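Single-structure report; data block below.
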Amino acid sequence: MNEVNRKLRCGVVGLGIGQMHISNYQSCPYADLVAICDINPVRLKDVGDKFKIPEEKRYISITEMLAKEHLDVCSIAVPNHLHKPLTIEALEAGCHVLCEKPMAMNSAEAQEMVDTAKKLGKRLMIDFSYRTSEQSVALKKAVDDGMLGEIYYARTQWLRRRGAPSG
Amino acid sequence: MNTPIKKLRCGIVGLGVGRKKHIPGYLSHPMAELAAIADSNTEKLNAVGDEFHIEHRYSSLTEMLANEKLDIVSIATPNIFHKDMTIEALEAGCHVMCEKPIAMNAAEAQEMIDAAKRTGKRIMINYVKRYIPESIAVKRVIDAGMLGDIYFARSVWLRRRRLPGFGGWFGKKAMSGGGPLIDIGVHRLDLALWYMGFPKPVWVMASTYNPIAKAIAAKEKKDFDVEDLAVALIRFENGATLELEASWCANIKEREHLSARLLGTKGGSLQHNIGDVYDSYAEIYLERCGCQYDMRLHEPVPQTYNCIYEFVDDIVHGNPSACSAEEALIAMKILDAIYESAAKNEPVQIQY
Ligand SMILES: NC(=O)c1ccc[n+]([C@@H]2O[C@H](COP(=O)([O-])OP(=O)(O)OC[C@H]3O[C@@H](n4cnc5c(N)ncnc54)[C@H](O)[C@@H]3O)[C@@H](O)[C@H]2O)c1
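So the sequences go chain by chain: A and B.
For the first sequence, our numbering begins at 1 and goes up steadily by one.
For the second sequence, our numbering begins at 168 and goes up steadily by one.
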């Protein structure tokens, strides 16, 4: 079935957008969402209850979760300044990491993360979720199929009138 | 008001857009007399002369100036002739209504400005896009301070497939100075600069491409050595940024897509064409009392006249005229820098 021949043990750190990760792991036949982590105890409880995560599988500390759960996969969905340290911590604990966008605070941090993943032979994927929309997938197929020829100009934008994320 | 009794005697050289825009322009002003026309193409000269009952016809500007005492001359010939003809007309004592782009490059534009100063005559550029009701309306809102400081603008004119006079002078860099950028992009550039209050441009990062027109030209065995798409990012001394795009050929949905977006500290605006034609639509975006409002232009829209009418009117009344050569020079510096940046594959700093 995969490199470990069993369902992958998955954990999620950071329970804002991380809740999407939880439900997606829960709906994936090859994944077991085994543990979650957030430093905010109220959120940890609310999200744990919502997704029916056993209380002993809810962690305040990522270090503790990584030590106890022997995860194959760890999602990092915390504020941007923590992407690098937590990703590296999870990689070093033997996990493949799915890190939220933006990858890091700057390219130097991103380079460190790439270097660490390479050194440890682990995967590091960034959650560019718009790549997996039906339209994006279809469009990318058309591009790969040569339907557009060579792309020489692209313009991409996301403008909001008012809508800075809270949190 | 020092309204002269005598009408202003006007002449036109170049009867493409000269016939389409300049003749009706002069005919629209009661103080203008369309005295003479010139074109090197005799057939065209006679056809236009017959159509509008203009008897005084010349095969060159020089001949026209030698035989007619003109107050205003329109220069509506291919871009390569704008500079020399403008200077020639200025030196013959005429005010000049020159077509866009003002010239092939900024150095030429500067020469024209110098000549106008020397002769004490005016130059106005036929920036038709400023004189549509929506543009006038948006400009009034900006001048009233409703948008605050404009710090970002995006102005585009994209055509899916439409090469002007394909095989003719428009596609030959030596005669046109460039492709869609200098031809239709210049209108969008002028409009944005006008809205933004002509801030001083400092940096330009740009690319030009020519994949589609080049292929068509090769197939049809036509001369074509200019871009079919140009894109640029322009940065101003006041910190503002302008995005500019222009194409004659691009694989887009619209046959014609014109738009100008302005983001200001107090409000924004979007003006665009509708229905693949040149009808224009304008909206203003505002926040009031913590709520978001859209303001839409309704009939009756401001009454507008064409550039040529305005030029005649300003001369008659002794008012300064708009669309000056000095403003056109700023746009020309940007266009030069865009072509330079594209050729060098690097950002270009505009030198002063
Ligand atoms: N303001 C606008 O909206 C607008 C629209 C179209 C064109 N233009 C500008 O007008 C100018 C002319 O463009 P066009 O579309 O009319 O081109 P065109 O080729 O249709 O017409 C140019 C005319 O100039 C004549 N001509 C060429 N060389 C001449 C010479 N040495 N002496 C006398 N006549 C000469 C040609 O015979 C032709 O009749 C260009 O600078 C163009 O950028 C502006």
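In this text, a Cβ means the ideal position worked out from N, Cα and C, and glycines have one as well.
Note that the coordinates shown come from a computational prediction; the quantities given were computed from them, not determined experimentally.
Bridge partner(s) assigned by DSSP for His262 of chain B: B:Ile239
Anticipated Cβ contact below 8 angstroms, Leu228 of chain B with Ala256 of chain B, distance rounded: 7 angstroms
Any chain B beta carbon closer than 8 angstroms to Met1 of chain A: Residue placement at Met1 of chain A is flagged as unreliable, the pLDDT there being 48, under the threshold of 50; the coordinate-derived value follows with that caveat. So, not an interface residue.
Residue-chain proximity (Ala131 of chain A, chain B), Cβ-Cβ < 8 angstroms: The amino acid occupying residue 131 of chain A in the given sequence is Arg; Ala does not appear at that position. By this cut-off, Arg131 of chain A is not an interface position.
Nearest-angstrom Cα separation, counted from Lys101 of chain A out to Met1 of chain A: Reliability of the predicted coordinates at Met1 of chain A is poor, the pLDDT of 48 falling under 50, and the value obtained from them is presented with this limitation in mind. Rounded to whole angstroms, Met1 of chain A to Lys101 of chain A spans 29 angstroms at the Cα level.
Sequence-distant residues of the same chain with beta carbon closer than 7 angstroms to Tyr376 of chain B, five excluded per side: Glu394, Asp395 and Leu396
Distance between Leu44 of chain A and Ile60 of chain A (C-alpha atoms, nearest Å): 8 angstroms
Exposure label - Arg160 of chain A; buried when at least 16 CB within 10 Å: exposed
Rounded separation between Ile239 of chain B and Ile451 of chain B - CA only: 38 angstroms
Best match in B:Glu423, B:Glu210, B:Gly192 and B:Phe403 for proximity to Glu412 of chain B [C-alpha to C-alpha]: B:Glu423
Cross-strand partners of Arg328 of chain B (DSSP beta bridge): B:Cys416
Boundaries (first-last residue) of the alpha helix (DSSP H) holding Glu64 of chain A: Ile62 to Glu69
Collapsed DSSP secondary structure at Gly442 of chain B in the structure displayed: coil
Rounded distance between the beta-carbons of Tyr193 of chain B and Ile475 of chain B, thought under 8 angstroms: 6 angstroms
Chain B contacts made by the segment 141-158 of chain A, where a contact means CB separation under 9 angstroms: Leu148, Gly149, Glu150, Tyr152, Tyr153 and Arg155
Below-8 angstroms beta-carbon distance, Arg161 of chain A vs any chain B residue: yes
Within-8 angstroms CB hit, Val398 of chain B to chain A: yes
Buried versus exposed call for Glu466 of chain B [16 or more other C-beta atoms within 10 Å across all chains shown]: exposed
Same chain, Cβ closer than 8 angstroms to Glu92 of chain A, five either side skipped, listed in chain order: Thr116 and Leu120
Of the listed residues A:Phe51, A:Val12, A:Pro165 and A:Gly163, nearest to Ile39 of chain A (C-alpha basis): A:Val12
Beta-carbon contacts of Glu275 of chain B that lie in its chain and below 7 angstroms, excluding the five residues immediately before and after: Lys250
Short CB-CB distance (under 8 angstroms) between Tyr376 of chain B and chain A: yes
Chain-ordered chain A contacts of Gln459 of chain B [CB-CB under 8 angstroms]: Arg161 and Arg162
Phe248 of chain B beta carbon near ligand 1 (any heavy atom closer than 7 angstroms): yes
Inter-residue spacing [alpha-carbon to alpha-carbon] between Ala243 of chain B and Pro331 of chain B: 15 angstroms
Distance between beta carbons of Ala320 of chain B and Ala449 of chain B, contact taken as under 8 angstroms: About 14 angstroms separates the two Cβ atoms, so there is no contact after all.
Met125 of chain A burial status per 10 Å Cβ neighbour count (16 or more: buried): exposed
Residue from B:Asp357, B:Asp446, B:Leu464 and B:Gly178 whose Cα sits closest to the Cα of Ile260 of chain B: The question names Ile, but residue 260 of chain B in the sequence shown is Gly. Taking only the C-alpha atoms, the option nearest Gly260 of chain B is B:Gly178.
Contained beta strand (DSSP E) runs [length at least 3] in the segment 83-117 of chain A, N- to C-terminal order: 96-100
Own chain, CB closer than 6 angstroms to Ile309 of chain B, minus 5 neighbours either side, in chain order: Tyr362
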